[in-house]
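Everything below concerns the one structure shown next.
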Amino acid sequence: MLSYRHGYHAGNYADVLKHSMLIQVLKAMQKKDKPYVYIDTHAGAGAYSLTDEFAQKTGEYLEGVAKLWDHTNLPTALANYVETVQHFNAEFDGELTVYPGSPAIVDVELRPQDRMVLHELHGTDHELLADYFAEDKQVKVIKGDGLQGLIAAVPPLERRGVILIDPSYEMKTDYQDVAKAIIKAHKRFATGTFILWYPVVKREQTEAMLTLLKNSGIKKQLRIEQGISADSDEFGMTAAGLWVINPPWQLDELAKETLDYLAPLLGGADGSISVKWEVGE
22 MLSYRHGYHA GNYADVLKHS MLIQVLKAMQ KKDKPYVYID THAGAGAYSL
72 TDEFAQKTGE YLEGVAKLWD HTNLPTALAN YVETVQHFNA EFDGELTVYP
122 GSPAIVDVEL RPQDRMVLHE LHGTDHELLA DYFAEDKQVK VIKGDGLQGL
172 IAAVPPLERR GVILIDPSYE MKTDYQDVAK AIIKAHKRFA TGTFILWYPV
222 VKREQTEAML TLLKNSGIKK QLRIEQGISA DSDEFGMTAA GLWVINPPWQ
272 LDELAKETLD YLAPLLGGAD GSISVKWEVG E
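Once you know that position 30 of the sequence shown is 51 in this note's numbering, the rest is easy, because the numbers rise by one and skip nothing.
Below, the structure written as structure tokens:
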């Protein structure tokens, strides 16, 4: 059941969008001195080698982060993102060799007063994640269901938080379960910033999940999506996006600037981009 390993997909076009936006959300949180918590429901292994069999088998990073590696004069969000990934590759003389997962990226941004709560159910990835943060007292690594863990983790003592929900969607029920968990968590922590990553494999499945959120009564819901090809019934992900509840100020503008740059670089001829307030104030 737990066959998904993010190592196959690390650094792909979906990661570029997800992580460039995540960094901007964290930077917005840092504008106040008050502490915040970062909660990750599906944290993965922490970081990934791009030279191992997983990444080399798919080569997805070559159509993602690799295409940005030597670019200069990047838009703000992409410049911050590439700088962060470069930080993890400094020991490799700047060659793109390692890709940081979301927890590693957040760890770079974490201030002394902040903390992380990471959930991972996959046995091997949990072990790697626990080893990665073994000496870090600001980080709690939990082996278990991240959606259940999310409910238990909110509201946080800090009363400020960023929650990333990034499941594998291996099971069809994941789509409904994710939406229900976010709605439940939001009732407990209405001021948190919730970032849901979603794939478009079958558009109707994805939209059914997003419609549940849209019709939940929750305010301030922003869609950020990049498609690399037209929707299709064939196997494979044609688009990926972020559904952000309570996004920080100007994230929509940063997202538009980012996607305008990425569209011709990473998108196909039938690609598309969307930055839309699905629910306003």
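In this text, a Cβ means the ideal position worked out from N, Cα and C, and glycines have one as well.
| Item | Value |
| --- | --- |
| Straight-line gap, D91 to G238 (C-alpha atoms, nearest Å) | 44 Å |
| Reduced DSSP category for Q159 - H, G, I as helix; E, B as strand; rest coil | coil |
| Residue interval of the alpha helix (DSSP H) (run including S250) | Looking at the DSSP string, S250 is not in any alpha helix (DSSP H), and its letter there is neither H nor E. |
| Local conformation of R244 per DSSP, three classes | strand |
| Alpha carbon of A35 to alpha carbon of Q247, nearest angstrom | 8 Å |
| From L185, D114, R180, residue whose alpha carbon lies closest to that of P124 | L185 |
| At least 3 beta-carbon pairs within less than 8 Å: the stretch 132 to 143 vs the stretch 103 to 117 | no |
| Beta carbon proximity, Q242 to chain C, threshold 8 Å | Among the chains in the structure shown there is no chain C, since it carries only a single protein chain. |
| Distance between beta carbons of Y196 and A229, contact taken as under 8 Å | 6 Å |
| Three-state secondary structure assigned by DSSP to L217 | strand |
| Closest residue to I60 among A111, V119, A206, A251 (Cα-Cα distance) | A206 |
| Y69 versus V37: straight-line alpha-carbon distance, rounded | 14 Å |
| Cβ-based neighbour list, L149, same chain, cut-off 7 Å, excluding 5 preceding and 5 following | A66, G67 |
| Under the three-state DSSP convention, the category D91 falls into | coil |
| Cβ separation of P96 and Y219, assumed to be a contact under 8 Å, to the nearest whole Å | Going by Cβ atoms, the distance from P96 to Y219 rounds to 23 Å, so no, they are not a contact pair. |
| Beta strand (DSSP E) segment containing R136, residue limits | 136 to 141 |
| Through-space distance from L142 to S24, alpha-carbon basis | Note that S24 scores 44 on pLDDT, short of 50, meaning its location in the model is unreliable and no value can be drawn from it. |
| Span separating the alpha-carbon of W270 from that of A49 | 8 Å |
| G274 versus W298: straight-line alpha-carbon distance, rounded | With the sequence shown as reference, residue 274 is identified as Glu, and Gly is not the correct amino acid for it. If I take the Cα positions, the gap works out to 11 Å. |
| At least 3 beta-carbon pairs within less than 8 Å: the stretch 161 to 178 vs the stretch 40 to 48 | no |
| Nearest-angstrom Cα separation, counted from S250 out to K240 | 30 Å |
| Per DSSP, the bridge partner or partners of V127 | The partner list for V127 (beta bridge, DSSP) is empty, contrary to what the question assumes. |
| Environment of R136 [buried if 16+ CB atoms lie within 10 Å] | buried |
| DSSP three-state assignment for Y282, whether helix, strand or coil | helix |
| Inter-residue Cα distance where the pair is E112 and V58 | 29 Å |
| Runs of alpha helix (DSSP H) lying entirely within the stretch 146 to 211, each at least 4 residues, in chain order | 167 to 174, 194 to 209 |
| Delimiting residues of the beta strand (DSSP E) encompassing Y59 | 58 to 61 |
| Endpoints, beta strand (DSSP E) assigned at V86 | That residue, V86, is in no beta strand (DSSP E); it is neither H nor E in DSSP. |
| Nonlocal neighbours in the same chain, by C-beta distance under 8 Å from M22, ignoring five residues either side | Per-residue confidence for M22 stands at a pLDDT of 42, beneath the threshold of 50, marking its modelled position as unreliable; no derived number is given. |
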